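Asker: I have a structure I would like to understand better, so I am pasting it below and will then ask my questions one at a time.
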Amino acid sequence: MSKSSRFARMKDLPSAHLLGAGTAMCAGCGGLEAVKEVYDVLGKKTVFVNAAGCMTLSAVYPFTPFQGSWLYTAMASAPAGAQGVRDALDILKAKGRISDDQDLDVVVLTGDGSAYGMGLSATSGAIERNLNFLYLCYDNEGYGNTGQQTSGATPLGARTSTDTLGFMGNKKDLFAIWAAHDPAYVATVIGSEPLDLARKVETAASLQGPRLILALSPCPTGWDYDPKDTVEIGKLAVKTGIWPLKEYINGRVTHTRIPHPRVPVEEYLKRQGRFKHLFEPVRDDFTIADIQARVDAYWAEVEDGEG
Amino acid sequence: MTRLLLTGNAAAAWGARLAGAEYFPVFPITPQTEIIETLGRWIDRGEMGGRMVTLDSEHSMITAAGAGAAAGVRTFTATSSQGLLYGMEMLYTVAGWRVPLVMVNVSRGLSAPITLEPDHNDILAARDSGCLILHAATCQETVDAVLLATRIAEDPRVRLPVVVNLDGFYLSFTREPVTLPDATLVSRFLSDMDPNEYAFRADKPVSEAVAVLGGGPYSYFRYETHLASLAGGTVFDEATQDYAEVFGREYGALQTHKSDNADVVFVQMGSFATKAQDAVDRLRDRGVKAGLVRPFLIRPWPGEALRQALKNIKAVVVIDQNISMGMGGVLHSEVASVLYGHANMPPILMSAIGGLGGRDIVFNEYAALAEEALQAVESGETPPPRLLYTATELREIRKLQAIAAVEELQHEEDEP
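Chains as they are written, first to last, in the working numbering: chain X, 1 to 307; chain R, 1001 to 1416.
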């Protein structure tokens, strides 16, 4: 994270907001919260290249909350759309057919369904070609737009509409998959930590090449909790250590927040209906302990590595 | 005037080069790969400008091509068969974006079973996508079609992707003498894209391809695309007229051969139609008044031109190098749909399927079909559809099946 961030304190965050109100997102949408905060930092000289997901319904003819440009592609190929726009703008600039100040920053905007699954091949290709783009993933840990089916981002134990007894696999590590490509920048963020988010987006915007901003996005409808709790659940995701805030730059991973002491994962789990079956009618100590053990093991490794 | 011996693939690459395409999102697939390799070599040697980028799939390739074209850069790409189907979602999508890219499809039979040689099920799967389709039968037509496609795609009345189709192996790898259009004359036929007409500029924010809710707006935009495709027919006529004036070669939506005063007319598309042309000449030598109508423009479908060409013809045999399972030949039903209900249309409209996966269609088959169709004129009843296959071919496949059976038996005996 850049030491000379223009975001030293909360009051340095943008006070005028760029994203328009009245979108079709659900009340308390953690994804929209992150997109709004990211957009304030990136600004409107951007083109958002979107894949099928919840945010696709943010721009419905003839309305859009974005003051800049937008291109909806399909579920699997938003990074390839970004490639086409980036290449075309570069060609037009090189030939003098548009001036440099007409240029736009290209931002891919997808949910976890595309980012962790169907769009992974296109994403990997864009990173290996060193495409100059920013990828913003709002990760609500399931195919949210279709009613929260299990996706590649669904965590252990979470109930989804296709795993009604709780998902038995593990959440895929998209941060590590990106980092393995050695791109310019990878960061995890969450809307409930806006200062950390703004600094990371600022860093990402200052760099060239492939950059990922991966935002855990608490989802009242998919995770089954009261919309007013989005910020609190987001904060608990960080305090329990379930969602580590970190960044990858120049080959190194740095944690930007090390929760200490860590709140037990139970405090995060029991606030959400998707984990209710771990507590009622009978408490599933085994799975709760398994989730806690995985979080503990993660942070033990972090302390070994960075301590 | 440059005359070269070129493969169909090289002719396609020359078309893109002469058209001044400058963005090439690509992905390799047999039998198309030579097109992108040729363009890549020219770019690397500095013989032409442009940016080539190899994507992770045809799905990504068509997405990037559509996005590049949406931003106002002349974009060319190529694919084949499985690749076209893999990218099919995006082919429909970029047509809906109303962007003017040009794509060459080199036809190859579809899996399963996986194969390499041509038929037209791949390109006909793109029939309803919104893309305009030209189908070349020769290497000369291929280079000319890419230039025509570029002009038609970018016309503001159309603004749709245009697919130029050519047959794998029979045309893609066959060398024919080609007269290259004079590069200094191209600007008389094609004007530069106006960057102000396209999307994604900082001072002109735009939302492209946004969602619509409800059937009203959806139908509006779908109808608009259909009408733009139909307008492509008029634009095709203008473009081919200008092309003839500048380069001296004439094209119609239908290429005909001795069909005017014929008793029996074959309708067939692609390079195999040159076999039909040869058969027509040989049948004429025998006193059979045969003719050929070969659609060059597949979308928009030249219905009026077909009615004019087939008016008062006694018998028509549509030879489909494709098969719609459970229905039959696609071209046959397309022809029938524009003839039925109009005055003086052919009473006999026969269907034959042949040339699947590159299977040859020989003169005797054309002769037998012509004879059967003409006999049907007497009875007034159209014969059932014919699936072309010879006794020799059946014997050959029985031999292969016998080998497969022996292998299976041996495998069972080897099991412990």
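Ideal Cβ placement from N, Cα and C applies to all residues, glycine included.
Just so it is clear, the structure is predicted and the values come from calculations on it, not from any experiment.
(1) Whole angstroms are fine: how far does the CA of V238(X) sit from the CA of R9(X)?
(2) With a threshold of 8 Å between beta-carbons, can S2(X) be considered close to chain R, or not?
(3) If you count every other CB in all the chains shown that lies within 10 Å of the CB of M1327(R), and 16 or more means buried, which is it?
(4) In this structure, does DSSP put R1282(R) in helix, strand or coil?
(5) I want to verify the contact list: residues of chain X whose CB lies under 9 Å from the CB of A1199(R), in sequence order.
(6) Reducing DSSP to helix, strand and coil, say where I1361(R) ends up.
(7) Taking the C-alpha atoms as reference points, what is the distance between V1316(R) and A1376(R)?
(8) Give me whichever residues DSSP pairs with F175(X) in a beta bridge.
(9) Which chain R residues are close to T146(X), counting only those with a beta carbon under 7 Å from its beta carbon?
(10) Taking the beta carbon of S1107(R) as the centre, do at least 16 other beta carbons fall within 10 Å, making it buried, or is it exposed?
(11) Run the CB neighbour count on G1050(R), radius 10 Å, all protein chains shown included, and call it buried at 16 or more, exposed below.
(12) Looking at C-alpha atoms only, which residue of S1191(R), Y1023(R), A1244(R), C1139(R) is the closest neighbour of G1168(R)?
(13) Residue ranges of each alpha helix (DSSP H) run of no fewer than 4 residues wholly in the stretch 1071 to 1148 of chain R, ordered along the chain?
(14) Which residues, taken in chain order from the stretch 197 to 216 of chain X, show a beta carbon closer than 7 Å to some beta carbon of chain R?
(15) Hey, would you say T56(X) sits closer than 8 Å to A1211(R), going by beta carbons?
(16) Closer than 7 Å, Cβ to any Cβ of chain X: which residues of the stretch 1206 to 1235 of chain R, in chain order?
(17) Can you say whether G20(X) is buried or exposed, counting buried as having 16 or more other CB atoms within 10 angstroms of its CB?
(18) Does E1034(R) have its Cβ less than 8 Å from a Cβ in chain X?
(19) In whole angstroms, what separates the C-alpha of Y1086(R) from that of L1110(R)?
(20) Do A1070(R) and Y1198(R) have their beta-carbon atoms positioned less than 8 Å apart in this structure?
(21) Chain X beta carbons: is any one of them nearer than 8 Å to that of S1057(R)?
(22) Return the Cβ separation of A59(X) and T1063(R) in integer angstroms, given the expectation that the two are a contact with Cβ distance under 8 Å.
(23) Can you give me, in chain order, the residues of the stretch 1063 to 1081 of chain R that have a beta carbon less than 9 Å from any beta carbon in chain B?
(24) As a quick exercise: from V1246(R), Q1241(R), K1258(R), N1261(R), pick the residue whose alpha carbon is nearest that of G1252(R).
(25) What residue range is occupied by the uninterrupted beta strand (DSSP E) comprising A1352(R)?
(26) How about G28(X) and P264(X): do their beta carbons lie closer than 8 Å?
(27) Among all the DSSP beta bridges, which residues are the ones paired with A1290(R)?
(28) Which residues does DSSP list as the beta-bridge partners of V1164(R)?
(29) Anything in chain X within Cβ reach of A1202(R), meaning under 7 Å, just list it in chain order.
(30) Let me check understanding here. Comparing Cα to Cα, which of G222(X), V41(X), V38(X), Q67(X) lies closest to R271(X)?
(31) When burial is assigned at 16 or more other CB atoms within 10 Å of the CB, is V1053(R) buried or exposed?
(32) Quick check on T311(X): does DSSP put it in helix, strand or coil?
(33) Can you tell me whether Q1321(R) is buried or exposed, with buried defined as 16 or more other CB within 10 angstroms of its CB?
(34) Determine the chain X residues that contact S1060(R) at a beta-carbon separation under 7 Å, and present them in chain order.
(35) When you compare the CB of V1362(R) with every CB in chain X, is at least one pair closer than 8 Å?
(36) Would you mind giving the Cβ-Cβ distance between H1120(R) and G1008(R), rounded to the nearest angstrom? I have them listed as a contact below 8 Å.
Answerer: Put simply:
(1) 19 Å
(2) No answer about S2(X) holds up, because its pLDDT of 49 lies below 50 and its placement is not dependable.
(3) exposed
(4) helix
(5) Within 9 Å Cβ-Cβ: V47, S69, L71, V85.
(6) Coil, per DSSP.
(7) 11 Å
(8) Looking at the DSSP assignment, F175(X) forms no beta bridge with any residue, so it has no partner.
(9) Going along chain R, no residue has its Cβ under 7 Å from T146(X), so there is no contact; the nearest lies around 15 Å.
(10) buried
(11) Under this definition G1050(R) is a buried residue.
(12) C1139(R)
(13) 1081 to 1086, 1088 to 1097, 1121 to 1125
(14) none
(15) yes
(16) For the stretch 1206 to 1235 of chain R, the set of residues with a beta-carbon nearer than 7 Å to any beta-carbon of chain X comprises V1206, S1207, E1208, A1209, V1210, A1211, V1212, L1213, P1217, in chain order.
(17) exposed
(18) By this cut-off, E1034(R) is not an interface position.
(19) 11 Å
(20) Their beta carbons are under 8 Å apart, which means Y1198(R) touches A1070(R) by this criterion.
(21) yes
(22) No, A59(X) and T1063(R) are not in contact; Cβ-Cβ is about 18 Å, not under 8 Å.
(23) Within the model displayed, chain B is absent; protein chains X and R are what it includes.
(24) For G1252(R), the closest of V1246(R), Q1241(R), K1258(R), N1261(R) by C-alpha to C-alpha distance is Q1241(R).
(25) 1348 to 1353
(26) no
(27) V1264(R)
(28) V1104(R), L1134(R)
(29) K45, D101, Q102, D103, L104
(30) G222(X)
(31) buried
(32) In the structure as shown, chain X starts at 1 and stops at 307, and residue 311(X) therefore has no counterpart that could be examined.
(33) buried
(34) S77, A80, A122, G125
(35) no
(36) Actually they are not in contact, since the Cβ atoms of H1120(R) and G1008(R) sit about 15 Å apart, beyond 8 Å.
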